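> Before anything else, here's the structure in question.
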Amino acid sequence: MFATQPTLTESIHMLEEELRTALFTRTTRGISVTREGEEFLASARQILDDAARITEKYTGKSVRRPQFAVSCQHFAFAVEAFMEIVKEAQSDAYDFTLRETVTSEIIDDVARHRSEIGILYLSSRNERVLRKIFKKEDLVFEELYTAQPHVFLGRRHPLAKKKAILPSELDAFPYITYEQGAENALYFAEEVMPAIDRKRNIRVRDRATMTNLVLGLDGFTVASGAHAKAYNPEIISIPLKLGETIRVGILRRMGITPSAQAATFISSIRRMTGK
């Protein structure tokens, strides 16, 4: 930043005095950003992004490298949409982040401005609780598409030739789900069919392990029917007779205009899911 630490510290103090708000919490172990500081940072980035777009529009010169971050549940189509952003980047430098993570961290990332948008789903099992959290954090959920739950399993699985599957038909096979860390409550689960209803449960944290266990153990998982090309070709999806609906959508901060990258990401998902 071409500034000494004392100069930077003084500038931050002056800014806090001008705003009459503490942007950092200072302790003997260091400093951390306050809630007000996170909100200030998001607003400042928005202003800089707007100024950069205006400069680029009228001068044709890019003054800032594009930045975009998204946090999502383990949706293959989100990876494809993210690749579209990278491919369409009109700059020789950019700073993009894709976080496949647990549900509670998606909400926290968007609320704390670490990600511009989040991707998750609502259903009758989790909507009441999650919408309360969204409201508390000033977040908005915008539905992208609605789908019926599907069973994802290997092409050589004993149930692979069925037109539809009943939950009871899955009892003999391991149910592979995404572990949710400390927040392992039912309404944070990525799968619409609760693991508590199953006898054989295996929890994982990443997509590669999920795929290997589904194929290697004749296991299965449950997700939406949006079967993107990015998913392993050895995995197929079959409708699950559960009487439940999955509503996948965007989670964003209230009052924030989406960046060009966010708009591209959202339009790519709509195109891939036919919405």
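Sequence positions in the sequence shown follow our numbering and run -18 to 256. In this text, a Cβ means the ideal position worked out from N, Cα and C, and glycines have one as well. Since this is a predicted model, take the numbers as computed values, not measurements.
1) For Val185 versus Tyr159, is the C-beta spacing smaller than 8 angstroms?
2) So, at 6 angstroms on beta carbons, what are the nonlocal neighbours of Glu124 in its own chain, with the 5 sequence-adjacent residues on each side left out?
3) At 3 residues or longer, what runs of the beta strand (DSSP E) sit wholly inside the stretch 27 to 68?
4) What's the C-alpha gap between Ala50 and Ile98?
5) For the stretch 183 to 247, list the beta strand (DSSP E) runs that are entirely contained and at least 3 residues long, ordered along the chain.
6) Does the distance from the C-beta atom of Ser105 to that of Arg80 stay below 8 angstroms?
7) Exposed or buried, His(-6), counting other C-beta atoms within 10 Å across all chains shown (16 or more means buried)?
8) Would you kindly work out how many angstroms separate the C-alpha atoms of Glu225 and Ala163, rounded to a whole number?
9) Since Ile77 is in the beta strand (DSSP E), which residue starts that stretch and which ends it?
10) Going straight from the alpha carbon of Leu(-11) to that of Ala3, what length do you get?
11) Which whole-angstrom value is the C-beta distance of Ile146 and Val132, which I expect to be below 8 angstroms?
12) Considering just the uninterrupted stretch of the alpha helix (DSSP H) at Ser(-8), what are its terminal residues?
13) In chain order, what residues of the same chain lie with their CB nearer than 7 angstroms to the CB of Glu(-3), ignoring the 5 residues before and after it?
14) For Thr271, does the three-state DSSP call read helix, strand or coil?
15) Output the distance between the C-alpha atoms of Leu134 and Ser249, rounded to the nearest integer angstrom.
16) Apply the 10 Å Cβ neighbour rule to Tyr102 and answer buried if 16 or more other Cβ atoms are within range, or exposed otherwise.
17) Three-state secondary structure (DSSP) at Ser13?
18) Indicate whether Leu194 and Ile183 have their beta-carbon atoms separated by less than 8 angstroms.
19) Could you check if Leu259 is buried or exposed, using at least 16 other CB atoms within 10 Å of its CB as the buried criterion?
20) My understanding is that Thr122 touches Leu232, with C-beta atoms under 8 angstroms, so please give their C-beta distance in whole angstroms.
21) Within the same chain, show all residues whose beta-carbon is closer than 7 angstroms to that of Val91, passing over the 5 residues directly before and after it, in chain order.
22) Can you tell which of Thr(-15), Ala166, Arg46, Glu108 has its C-alpha closest to the C-alpha of Val67?
Taking the coordinates as given:
1) In terms of Cβ geometry, Val185 and Tyr159 form a close pair [threshold 8 angstroms].
2) Within the same chain, Cβ atoms closer than 6 angstroms to the Cβ of Glu124 are found at Arg228, Gly230, the five residues on either side in sequence being excluded.
3) Listed in chain order, the complete beta strand (DSSP E) runs (minimum 3 residues) inside the stretch 27 to 68 are 48 to 53.
4) Taking the Cα positions, Ala50 is about 7 angstroms away from Ile98.
5) List check, beta strand (DSSP E) in window: 202 to 204, 216 to 220, 227 to 234.
6) Not a contact, by the Cβ cut-off of 8 angstroms.
7) Per the 10 Å Cβ criterion, exposed.
8) Spanning the two alpha carbons is a distance of roughly 26 angstroms.
9) Correcting the residue identity first, residue 77 is Phe in this sequence and not Ile. First-last of the beta strand (DSSP E) with Phe77: 76 to 81.
10) Those two C-alpha atoms are separated by around 15 angstroms.
11) At roughly 5 angstroms, the Cβ-Cβ gap stays under 8 angstroms, so Ile146 and Val132 are in contact.
12) In the DSSP annotation of this structure, the continuous segment of the alpha helix (DSSP H) that includes Ser(-8) starts and ends at -14 to 0.
13) Closer than 7 angstroms at the Cβ level, and outside the excluded window around Glu(-3), lie Ala3, Leu4.
14) This structure does not reach residue 271, given that the chain is present from -18 up to 256, and the question cannot be answered.
15) Computed Cα separation, rounded: 26 angstroms.
16) Answer is buried; the Cβ neighbour count reaches 16.
17) DSSP places Ser13 within a strand segment (E or B) once states are collapsed to three.
18) In this structure, Ile183 lies closer than 8 angstroms to Leu194 by Cβ.
19) An answer regarding residue 259 cannot be provided, because it is not within the stretch -18 to 256 covered by the chain.
20) The residue you asked about is not Thr; residue 122 is Phe in the sequence shown. Phe122 to Leu232, Cβ: 6 angstroms. Contact.
21) Taken in chain order, the residues that qualify are Ser52, Ile98, Gly99, Leu120, Leu232, Arg233, Arg234.
22) Out of Thr(-15), Ala166, Arg46, Glu108, Arg46 has the C-alpha closest to the C-alpha of Val67.
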